[in-house]
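Engineer:
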Ligand SMILES: Nc1ncnc2c1ncn2[C@@H]1O[C@H](COP(=O)(O)OP(=O)(O)OP(=O)(O)O)[C@@H](O)[C@H]1O
Ligand SMILES: [Mg+2]
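Protein chains in written order, with full-length UniProt numbering: chain A, 1 to 264; chain B, 1 to 330.
#1: Let me check you understand the geometry: is the CB of residue 17 (chain A) closer than 8 Å to at least one non-hydrogen atom of ligand 1?
#2: Going by C-alpha to C-alpha distance, which of B:310, B:315 and B:298 sits closest to residue 63 (chain B)?
#3: Please check if any C-beta of chain B sits within less than 9 Å of the C-beta of residue 119 (chain A).
#4: Against chain B, does residue 84 (chain A) count as a neighbour if the rule is that its beta carbon must be under 9 Å from one of theirs?
#5: Can you tell me whether residue 36 (chain A) sits near ligand 2, meaning its C-beta is under 8 Å from at least one heavy atom of the ligand?
#6: Cβ of residue 88 (chain A) versus every heavy atom of ligand 1: is any distance shorter than 8 Å?
#7: Among the candidates B:111, B:41, B:96 and B:139, whose CA atom is the shortest distance from the CA of residue 105 (chain B)?
#8: Put residue 140 (chain A) into one of helix, strand or coil per three-state DSSP.
#9: Looking at the C-beta of residue 106 (chain A), does it have a partner C-beta in chain B at a distance below 9 Å?
#10: Beta strand (DSSP E) containing residue 7 (chain A): first to last residue?
#11: On the DSSP bridge assignment, give the partners of residue 72 (chain A) in chain order.
#12: Using a Cβ cut-off of 8 Å, pull out every chain A residue sitting near residue 333 (chain B), in sequence order please.
#13: Helix, strand or coil for residue 39 (chain A)? Go by DSSP, reduced to three states.
#14: Can you check whether the C-beta of residue 218 (chain B) is within less than 9 Å of a C-beta belonging to chain A?
#15: List the endpoints of the continuous beta strand (DSSP E) containing residue 222 (chain A).
#16: Run through DSSP, which three-state label would residue 254 (chain A) get?
#17: At a Cβ threshold of 9 Å, is residue 83 (chain B) touching chain A?
#18: Between residue 295 (chain B) and the rest of its own chain, which residues show a CB-CB distance below 6 Å, the 5 nearest in sequence each way excluded?
#19: Can you give the Cα-Cα distance for residue 79 (chain A) and residue 244 (chain B), rounded to whole angstroms?
#20: With the cut-off set at 9 Å, would you say residue 89 (chain A) and residue 137 (chain A) are in Cβ contact?
#21: With distances taken between CB atoms, is the gap from residue 310 (chain B) to residue 127 (chain B) smaller than 9 Å?
#22: Would residue 185 (chain A) and residue 148 (chain A) be called neighbours here (beta carbons separated by less than 9 Å)?
#23: Taking 8 Å as the cut-off, is the CB of residue 198 (chain A) close to at least one heavy atom of ligand 1?
#24: Just checking residue 105 (chain A) against ligand 2 - is the residue's beta carbon closer than 8 Å to any of the ligand's heavy atoms?
#25: Name the DSSP beta bridge partners of residue 80 (chain A), please?
So, in structure tokens, the structure goes:
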């Protein structure tokens with residue numbers, strides 16, 4: 001369990017713009033173990049999504065590279081499932097069919113029809129959405145859409161689950177609820193997770209490590225905070241845990257003292 | 001735990017309120033078009049009375065109605081004649097067979113003058129054929145153009161140049177090409193039909209190609225990323241992601257195409273003397289009897305109504321297949 005599962009080495013990327021090359025990331029190094037839950041936190045526009053997209057294979061790094069289980073990543077694939085910031089469900093498919101599309105693609109030839117149906121229903125149940133299986137995305141709430149997005153990603157049985165601010169657009173109550181669900185699922189399945197967040201509490205509550213990114217351009221990993229809180233974690237109990245507040249303060253200090261938001 | 005003595009009056013009140021609300025919504029929806037129509041008829045009547053042509057007064061609504069009923073009568077009479085013709089032929093053939101069982105009997109089709117309603121059917125059939133040909137070419141072409149920037153850049157100038165070409169410019173070329181290429185002793189379709197349908201198809205292509213291209217090219221980038229993460233094959237990418245995503249725009253294009261095609265067809269039929277409503281109008285114009293203008297007026301209204309119905313049918317189809325139930329389709 002202690003050998004490196006996912007490794008980013010010297011990752012950098014430049015985008016062509018009107019004013020020449022824009023270097024968004026430079027020399028990003030990160031090693032992640034199997035089953036680890038890692039959060040990426042940093043100011044808006046620093047390059048968090050870009051890192052995630054490079055790991056997903058949606059962007060190609062200009063320098064350096066990503067290695068997953070000894071193989072270089074250079075194209076997207078279902079073993080690195082993505083939960084997109086704005087859910088990205090196919091609006092013409094029902095919840096069930098959205099998950100079905102992913103399951104059919106990943107398990108074709110490996111699971112029979114009945115098995116697939118069972119697996120889809122299992123995943124709907126995992127994100128507590130069985131009741132809305134035949135609804136279209138336009139007929140369900142934002143939080144429900146996000147759940148289906150997570151369900152779809154989990155149903156692909158990915159080696160790595162990549163989440164780009166999965167709860168960013170949700171109200172606090174729904175968000176807390178989904179955070180709890182995510183912790184449960186992570187405890188059950190032991191996926192490796194990389195999650196982007198803006199929310200310090202969320203980062204401390206969920207993560208094994210918090211990767212704090214410096215501001216761009218040429219952003220990189222500023223600091224990494226190991227969160228040594230026992231699991232399962234309980235948000236009410238943590239509220240009285242002094243270590244929780246220490247971690248929180250550390251992240252805040254990084255964001256607001258050391259990486260003060262550049263004056264726009 | 002409701003008290004029936006209280007619940008019933010409340011229910012009744014609710015019912016009347018709902019009825020009133022319904023009436024409030026439907027009354028203007030029904031009333032206003034009727035008012036518009038009456039105003040138009042009045043204007044038509046007044047205007048018609050004051051226009052003198054070499055073929056007599058311009059026909060008003062009353063003449064149009066009477067011409068319509070005479071067209072119906074003609075159609076029924078023609079139908080009778082055709083029936084009688086077939087009966088006679090059958091009787092003659094039976095007689096001949098009774099005398100000599102080996103006799104070669106031929107069934108000849110009735111060749112009367114096509115009536116107004118026959119011409120309507122011909123036109124509908126032609127426009128549908130042309131539209132179908134155009135759609136079969138335009139949708140795949142639009143998808144390819146939308147998916148591939150280089151192909152789009154290669155084809156777009158051609159589209160932009162051919163799009164504004166009037167059908168009447170195509171017609172002579174299509175006619176000549178069809179008569180040169182479509183030569184068979186026993187053609188499945190009449191040449192005039194093929195010419196009209198192809199002319200319609202040429203003019204129907206562009207709205208669908210352009211709208212499909214736009215629909216595919218402007219697809220939500222996140223949906224593309226979903227497809228890439230799932231590693232869908234190019235074929236299932238098109239079938240499961242691109243095509244459904246572009247359906248609303250494809251239908252916008254199809255509706256424009258069909259409307260264009262219907263307009264083009266009438267003009268083409270008039271110019272080429274190909275059977276259909278256009279020929280009917282042209283024949284009446286050449287005929288120049290005192291009824292002609294009234295009949296042409298009937299044809300004009302029927303052409304409009306058919307165009308309207310075709311569009312409504314496409315709209316109904318669009319509502320059925322479109323996933324975007326919130327879109328205000330009209
Ligand atoms: N395709 C692109 N072309 C050009 N520049 C880009 C592109 N994608 C990202 N960038 C630039 O790279 C930088 C990092 O963007 P990124 O989306 O990764 O930020 P982020 O940390 O995810 O921000 P947020 O928290 O607001 O989502 C930004 O300055 C952005 O303008
Ligand atoms: Mg982002």
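Here a beta-carbon is modelled for each residue, glycine too, at the ideal position from N, C-alpha and C.
What you are looking at is a predicted structure, and each value in this text was computed from that prediction instead of being measured.
Structural biologist: Based on what the coordinates show:
#1: For ligand 1, at least one heavy atom lies less than 8 Å from the Cβ of residue 17 (chain A).
#2: B:298
#3: no
#4: Using a Cβ-Cβ cut-off of 9 Å, residue 84 (chain A) counts as an interface residue toward chain B, since at least one Cβ of chain B sits closer than that to its own.
#5: no
#6: no
#7: Looking at the Cα atoms, B:96 is the closest of the given residues.
#8: coil
#9: yes
#10: 4-17
#11: A:67
#12: Chain B is shown only over 1 to 330; residue 333 (chain B) falls outside these bounds and no answer can be derived.
#13: If DSSP states are grouped into helix, strand and coil, residue 39 (chain A) belongs with the strands.
#14: Interface residue (Cβ-Cβ distance to chain A less than 9 Å): residue 218 (chain B) is not classified as such.
#15: 221-226
#16: Residue 254 (chain A) falls in the helix class under three-state DSSP.
#17: No, because no Cβ of chain A sits closer than 9 Å to the Cβ of residue 83 (chain B).
#18: 67 and 284
#19: 26 Å
#20: yes
#21: Cβ distance < 9 Å, so residue 310 (chain B) and residue 127 (chain B) count as in contact.
#22: no
#23: Within the cutoff, so yes.
#24: no
#25: A:160
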